[in-house]
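Notes follow once the structure below has been shown.
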Amino acid sequence: MKAGSASDRRDAQPLRRLLTSLGLLWVAGAALRMTVLAVPPLLPLVHRDLDLSETEIGTLAGLPALLFAAAAVPGSLIIARFGARRTLIAGLIVTALASAARGAAADVTMLFAATIVMGGGIAVMQPALPPIVRAWLPDRIGFATAVYTNGLLFGEILAVSLTLPLVLPLAGGNWRIAIALWGLPVLLAALLVALLGPRRSAAQAADAGRRAWWPDWRDARIWQLGFLFGGVNSIYFSTNAFLPDYLAESGTPELIGSALTALNFGQLPASLMMLGLTGRWLERPWAYGVAGLLCLASVFGMLLMSGSWVVFWAGLIGFADAVAFVLILALPPLLSAPDDAHRTAAGMFTISYSCAVAIPIIGGLAWDASGIAPVAFVPIGLCALAISTLPFAIDFRRRG
Numbered sequence: 031m032k033a034g035s036a037s038d039r040r041d042a043q044p045l046r047r048l049l050t051s052l053g054l055l056w057v058a059g060a061a062l063r064m065t066v067l068a069v070p071p072l073l074p075l076v077h078r079d080l081d082l083s084e085t086e087i088g089t090l091a092g093l094p095a096l097l098f099a100a101a102a103v104p105g106s107l108i109i110a111r112f113g114a115r116r117t118l119i120a121g122l123i124v125t126a127l128a129s130a131a132r133g134a135a136a137d138v139t140m141l142f143a144a145t146i147v148m149g150g151g152i153a154v155m156q157p158a159l160p161p162i163v164r165a166w167l168p169d170r171i172g173f174a175t176a177v178y179t180n181g182l183l184f185g186e187i188l189a190v191s192l193t194l195p196l197v198l199p200l201a202g203g204n205w206r207i208a209i210a211l212w213g214l215p216v217l218l219a220a221l222l223v224a225l226l227g228p229r230r231s232a233a234q235a236a237d238a239g240r241r242a243w244w245p246d247w248r249d250a251r252i253w254q255l256g257f258l259f260g261g262v263n264s265i266y267f268s269t270n271a272f273l274p275d276y277l278a279e280s281g282t283p284e285l286i287g288s289a290l291t292a293l294n295f296g297q298l299p300a301s302l303m304m305l306g307l308t309g310r311w312l313e314r315p316w317a318y319g320v321a322g323l324l325c326l327a328s329v330f331g332m333l334l335m336s337g338s339w340v341v342f343w344a345g346l347i348g349f350a351d352a353v354a355f356v357l358i359l360a361l362p363p364l365l366s367a368p369d370d371a372h373r374t375a376a377g378m379f380t381i382s383y384s385c386a387v388a389i390p391i392i393g394g395l396a397w398d399a400s401g402i403a404p405v406a407f408v409p410i411g412l413c414a415l416a417i418s419t420l421p422f423a424i425d426f427r428r429r430g
């Protein structure tokens with residue numbers, strides 16, 4: 031009886047570690063976007079209170095993506111020096127505190143400064159997660175990535191959907207307190223990772239500071255992954271940016287709310303589906319190709335059809351883009367040497383979020399120059415083509 035009990039305890043330990051690691055990854059993923067997506071529902075109140083111009087609103091919306099690109103490589107340096115787990119904890123704390131500081135902003139300058147610090151905190155968290163996936167669950171990279179991506183998408187949806195009906199009333203209608211409240215679950219995530227997250231071995235700690243951190247820009251795979259992920263991010267950000275104005279321009283403003291809801295909620299079933307399929311599809315170029323072609327078909331569908339079909343195609347582009355999003359996020363820990371996942375991810379994020387900043391600007395300039403609204407969607411279609419074709423040139427053989 032005693033021997034059996036001891037055996038049961040030994041068998042339970044790996045399962046407990048697995049579930050703990052997956053739970054922490056989900057929570058950390060959710061914290062990646064909560065503080066960013068909590069702001070758009072509050073923008074009318076922020077706009078009125080701080081007397082922001084439309085240019086300042088646009089700059090505020092674009093700052094996080096810009097920081098995701100600019101701070102990814104410094105994040106790689108921090109990871110190489112202090113380890114991915116400590117970097118993740120620090121990033122969570124900085125993000126939570128900076129989000130609260132945005133609520134205390136007396137003017138637009140303070141608001142921008144706090145947003146920059148918050149974006150920097152998220153930017154160093156992002157390249158920390160791929161090496162954590164590899165360190166905690168080396169035999170379940172695809173599944174573990176799908177788990178934290180599912181958390182990321184849930185975090186986006188919770189922030190967008192709960193800010194006005196739940197959090198703002200809890201804050202007494204004060205947008206400043208509402209923004210600060212969204213920092214609390216991020217702080218909780220930091221506490222959970224600090225208390226429960228697996229720690230580095232003594233040998234890994236001794237190697238800290240000697241690992242390379244600068245991305246190998248001569249490695250073609252970093253550029254391939256960067257442009258591939260850049261296409262995915264650009265499709266998401268550009269479609270969110272241009273679809274409302276396009277529908278207003280085409281005389282169907284009543285579709286704006288339902289189309290944007292479909293676009294963003296369409297990601298959720300994709301992330302749930304990928305929990306079971308990421309490991310199987312990760313090294314299959316055709317999976318990326320199908321996702322890209324679905325995005326391309328959705329662009330044509332939104333532009334050529336009307337009524338409820340627009341909502342359908344918006345949901346499908348969100349679904350297909352999320353499938354590619356999950357697959358690509360799993361590639362840095364899968365394809366990198368054991369100690370290189372952080373710098374591969376940093377290079378990928380630098381390139382991809384630079385694309386995510388540039389592509390919407392290009393689309394907007396094309397619309398302004400031509401005066402034709404659908405022209406703004408041409409760069410989105412080109413990104414979909416890139417997702418469809420680029421994976422067939424990637425070497426999916428693992429290193430190390």
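Quick note on numbering: the sequence shown equals residues 31 to 430 in the working numbering.
The beta-carbon is built from N, C-alpha and C at its ideal position, and this holds for glycine as well.
Only a predicted model underlies this, so the values are computations on that prediction, with no experimental measurement involved.
- [ ] Just mark residue 336 as buried or exposed, buried being the case when its beta carbon has 16 or more other beta carbons within 10 Å.
- [x] exposed
Task: Reduced DSSP category for residue 44 - H, G, I as helix; E, B as strand; rest coil - done: helix
Task: residue 175 classed as buried or exposed, judged by whether at least 16 other C-beta atoms fall within 10 angstroms - done: buried
Task: Beta-carbon proximity list for residue 137, same chain, < 8 Å, skipping 5 on both sides - done: 80
Task: Residue span of the alpha helix (DSSP H) that contains residue 400, given as start and end - done: 371 to 400
Task: Same chain only: Cβ atoms within 8 Å of residue 419, ignoring 5 sequence neighbours per side - done: 319, 322
TODO: On a CA-only basis, which of 331, 358, 359, 356 is nearest residue 346? Give me that one, please.
DONE: 331
- [ ] Spatial neighbours of residue 292 within its chain, please: CB distance less than 6 Å, with the 5 preceding and 5 following residues excluded, ordered by chain position.
- [x] 341, 344, 345
Task: CA nearest to the CA of residue 246, picked from 382, 383, 103, 410 - done: 103
Task: Reduced DSSP secondary structure (H/G/I, E/B, other) of residue 335 - done: coil
Task: Cβ distance (whole Å) where residue 161 is taken to contact residue 371 below 8 Å - done: 4 Å
Task: Collapsed DSSP secondary structure at residue 426 in the structure displayed - done: coil
Task: Euclidean distance between Cα positions of residue 311 and residue 173 - done: 11 Å
- [ ] Classify residue 203 as buried or exposed, calling it buried when 16 or more other Cβ atoms lie within 10 Å of its own Cβ.
- [x] exposed
- [ ] Rounded to whole angstroms, what's the CA-CA distance from residue 198 to residue 224? Just pull it up for me.
- [x] 29 Å
Open item on the list: Taking 6 Å as the limit between beta carbons, can you name the residues of its chain near residue 385, skipping five residues before and five after?
Closed with: 260, 264
Task: Per-residue DSSP class, three states only, for residue 228 - done: coil
TODO: Might you give, ordered along the chain, the residues of its own chain that have their beta carbon closer than 6 Å to the beta carbon of residue 236, omitting 5 neighbours on each side?
DONE: With a pLDDT of only 42 at residue 236, under the threshold of 50, the placement of this residue in the model should not be trusted, and no figure is reported.
Open item on the list: Suppose the cutoff is 6 Å on Cβ atoms and the five residues either side in sequence are ignored; what does the same chain contact list for residue 130 look like?
Closed with: 210, 213
Open item on the list: In this structure, how does DSSP classify residue 419 when only helix, strand and coil are distinguished?
Closed with: helix
Open item on the list: Which same chain residues end up closer than 7 Å to residue 325 when comparing Cβ atoms and leaving out the 5 residues on each side of it in sequence?
Closed with: 265, 347, 350, 351, 414, 417
Open item on the list: Rounded to whole angstroms, what is the Cα-Cα separation between residue 71 and residue 401?
Closed with: 29 Å
- [ ] Please report the residue range of the alpha helix (DSSP H) in which residue 83 lies.
- [x] It is not in any alpha helix (DSSP H) - residue 83 carries neither H nor E in the DSSP assignment.
Open item on the list: Is the beta carbon of residue 171 closer than 8 Å to that of residue 255?
Closed with: no
Open item on the list: Taking 8 Å as the threshold (C-beta atoms), are residue 205 and residue 381 in contact?
Closed with: no
Task: Three-state secondary structure (DSSP) of residue 282 - done: coil
Task: Counted within 10 angstroms of its Cβ, other Cβ atoms place residue 49 as buried (16 or more) or exposed - done: exposed
- [ ] Just the C-alpha distance for residue 62 and residue 248, rounded to the nearest angstrom, thanks.
- [x] 29 Å
Open item on the list: By the three-class DSSP mapping on this structure, what secondary structure does residue 243 have?
Closed with: coil
Task: contact_flag[the stretch 96 to 115, the stretch 141 to 160] where n(CB pairs < 8 Å) is 3 or more - done: yes
Task: Through-space distance from residue 86 to residue 179, alpha-carbon basis - done: 30 Å
TODO: Can you give me the Cβ contacts of residue 107 inside the same chain, cut-off strictly under 6 Å, excluding the 5 residues immediately before and after it?
DONE: 243
Open item on the list: Taking only three categories from DSSP, how would you classify residue 236?
Closed with: With a pLDDT of 42 at residue 236, under the threshold of 50, the modelled position of this residue cannot be trusted, and the question is left open.
Open item on the list: Do residue 153 and residue 101 count as a contact pair if the criterion is CB distance below 8 Å?
Closed with: yes
Open item on the list: Please classify residue 284 as buried or exposed, where buried requires at least 16 other C-beta atoms within 10 Å of its C-beta.
Closed with: exposed
TODO: Quick one: grab the DSSP three-state call for residue 180.
DONE: helix
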